[in-house]
Amino acid sequence: QVRGRVVLLPIMTMKPGPFGNTHSHGDLHNLEIIEDRSGARRKHGLPTRYTKGRFLGKGGFAKCYEVQDMETREIFAAKIVAKASISKPRAHAKLKSEIAIHRSLNHDKVVKFHDHFEDSDHVYIILELCPSQTLNEFMRKRPNKRLSEPEAMFYIYDLIVGLKYLHRRRVIHRDLKLGNLFLDADVRLKVGDFGLAAQLEHDSEKRRTICGTPNYIAPEILEGKHGHSYEVDIWSLGVILYTMIIGRPPFETSDVRTTYRRIRYNQYSYPDSVHISDAAKDLIDGILRTEPQSRLGLDEILGSTWFASQRLPPPVPGTVSAYAITPRVGSSSARSETPERGAADFARIDSPVPRFPLRDRSPSVVAAPNSA
């Protein structure tokens with residue numbers, strides 16, 4: 001029984017395929033079952049079967065469902081990608097890259113990669129389930145849809161720990177945002193969704209793909225002339241910090257072109273209606289610098305005046321602990337933000353865009369250009 005109705009679907013028997021294992025049809029069952037019969041991941045050689053449960057969300061080419069291992073009863077999240085949506089070589093290669101990068105990672109601050117396989121129609125990626133959803137949902141539950149500075153510090157510290165690990169592994173995430181920061185049962189942060197991640201061969205390597213989510217995208221990605229590296233993740237961290245405290249992204253507007261223009265000209269401000277400490281402002285300003293090499297590094301962020309106000313790691317705020325007691329287990333969420341990858345508005349975010357000169361933000365307001 002899936003979402004209140006009985007479905008009759010064939011068991012799927014797996015054999016090797018380009019992403020993992022493919023299937024042939026077998027007997028019919030009254031539960032929707034995903035099955036990997038390769039035996040490669042079980043010592044006793046028996047198939048791994050998962051029952052498909054509630055819908056968790058969607059993004060890009062994937063839909064996510066809660067699934068349960070029928071033998072161990074362990075619960076996971078399954079990211080299911082229709083092969084028809086990745087028929088083009090570029091999309092196919094990107095999914096293979098996502099799988100290769102994510103399965104190579106093993107850290108407490110990264111969503112764990114459990115398994116992957118395929119049938120004739122879909123690719124299945126089995127991941128750690130984070131029952132408290134994402135920071136995006138967490139903020140929606142908070143008064144005024146924002147976090148206190150102690151709460152923001154608690155999560156930014158966890159994000160820095162995760163980013164240090166990724167960057168040591170020469171991985172650039174390139175799509176850090178509230179909706180890709182997942183929360184486990186204890187409401188601790190884990191970085192997920194490596195669909196736009198890049199694996200560098202050496203630390204001096206630059207990438208030139210125009211990709212990301214518009215509200216969080218770094219100016220050097222938009223400019224594109226000199227390429228980009230780890231600093232794009234630090235920029236996104238600064239956007240996340242601002243968003244958690246203020247309640248909206250610093251460059252957000254009603255249309256993408258204007259958002260891109262504000263990012264390129266580094267136009268943001270702090271609303272008088274929201275209290276934010278001078279130390280937090282100084283830190284955000286030190287991160288959101290147009291020139292990548294002038295941005296604060298991760299260790300410099302931890303050494304900032306803002307972080308000096310607390311012992312490290314920061315204590316768990318009481319409001320976070322209270323939320324951990326009753327995670328939102330029964331609800332579903334599309335993890336959507338405005339704007340989100342895959343929406344019609346953002347067809348250009350993974351393709352070349354016009355190059356624009358960048359301007360550093362001065363202490364005074366920077367005048368906007370007459371046109372985008």
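Start counting the sequence shown at 1; every next residue gets the next number (full-length UniProt numbering).
Even for Gly, the Cβ is constructed at its ideal location relative to N, Cα and C.
Please read these numbers as outputs of a predicted model, since none were measured by experiment.
Cα-Cα separation, residue i to residue j
{"i": "Y50", "j": "L298", "result": "40 Å"}
{"i": "Y155", "j": "L127", "result": "21 Å"}
{"i": "Q68", "j": "S277", "result": "45 Å"}
{"i": "H122", "j": "L302", "result": "42 Å"}
{"i": "R289", "j": "W235", "result": "8 Å"}
{"i": "S164", "j": "P271", "result": "As written in the sequence, residue 164 is Lys, which differs from the Ser given in the question. Approximately 31 Å between the Cα atoms of the pair."}
{"i": "C130", "j": "Y124", "result": "17 Å"}
{"i": "Y216", "j": "G224", "result": "16 Å"}
{"i": "N266", "j": "L200", "result": "28 Å"}
{"i": "K96", "j": "F194", "result": "11 Å"}
{"i": "E74", "j": "P313", "result": "30 Å"}
{"i": "R169", "j": "F251", "result": "30 Å"}
{"i": "I287", "j": "R174", "result": "16 Å"}
{"i": "W306", "j": "M244", "result": "15 Å"}
{"i": "S87", "j": "Y242", "result": "38 Å"}
{"i": "S148", "j": "G318", "result": "11 Å"}
{"i": "P143", "j": "S273", "result": "14 Å"}
{"i": "V191", "j": "S229", "result": "18 Å"}
{"i": "H116", "j": "F76", "result": "12 Å"}
{"i": "E151", "j": "V110", "result": "20 Å"}
{"i": "A197", "j": "K63", "result": "19 Å"}
{"i": "L183", "j": "T213", "result": "20 Å"}
{"i": "Y260", "j": "S309", "result": "34 Å"}
{"i": "K206", "j": "H226", "result": "8 Å"}
{"i": "residue 407", "j": "E71", "result": "Residue 407 lies beyond the range of the chain shown here (1 to 372); nothing can be said about it."}
{"i": "R188", "j": "P292", "result": "29 Å"}
{"i": "A84", "j": "I221", "result": "29 Å"}
{"i": "C211", "j": "K52", "result": "32 Å"}
{"i": "A100", "j": "R257", "result": "33 Å"}
Endpoints, the alpha helix (DSSP H) within which residue i is located
{"i": "L189", "result": "Element bounds for L189: not the alpha helix (DSSP H) but the beta strand (DSSP E), 189-191."}
{"i": "F194", "result": "No alpha helix (DSSP H) holds F194; DSSP gives it neither H nor E."}
{"i": "L298", "result": "298-302"}
{"i": "H102", "result": "89-103"}
{"i": "R219", "result": "At residue 219 the sequence reads Pro, which differs from the Arg that was named. 219-223 is the span of the alpha helix (DSSP H), which, as asked, contains P219."}
{"i": "V232", "result": "231-246"}
{"i": "L283", "result": "278-287"}
Where residue i falls: helix, strand or coil (DSSP)
{"i": "Y124", "result": "strand"}
{"i": "T134", "result": "strand"}
{"i": "F307", "result": "helix"}
{"i": "F182", "result": "strand"}
{"i": "R257", "result": "helix"}
{"i": "R262", "result": "helix"}
{"i": "R207", "result": "strand"}
{"i": "D345", "result": "Any reading at D345 must be qualified, since the residue scores a pLDDT of 36, below 50, and its modelled position is unreliable; no value is offered."}
{"i": "F154", "result": "helix"}
{"i": "T319", "result": "helix"}
{"i": "L28", "result": "With a pLDDT of 34 at L28, under the threshold of 50, the modelled position of this residue cannot be trusted; read the value that follows with caution. DSSP places L28 in strand when its eight states are reduced to three."}
{"i": "Y216", "result": "helix"}
{"i": "P143", "result": "helix"}
{"i": "V274", "result": "coil"}
{"i": "P292", "result": "helix"}
{"i": "Y268", "result": "coil"}
{"i": "S85", "result": "helix"}
{"i": "L163", "result": "helix"}
{"i": "E252", "result": "coil"}
{"i": "S148", "result": "coil"}
Start and end residues, beta strand (DSSP E) containing residue i
{"i": "Y65", "result": "62-69"}
{"i": "K79", "result": "75-82"}
Proximity test, residue i beta-carbon vs the ligand SAH heavy atom, cut-off 7 Å
{"i": "R262", "result": "For the structure depicted, the ligand SAH is absent and the ligand set is empty, with no information on it obtainable."}
Strand pairing of residue i, partner residues [DSSP]
{"i": "D115", "result": "I126"}
{"i": "G57", "result": "C64"}
{"i": "I33", "result": "T51"}
{"i": "V110", "result": "V191"}
{"i": "I172", "result": "A198"}
{"i": "H228", "result": "R207"}
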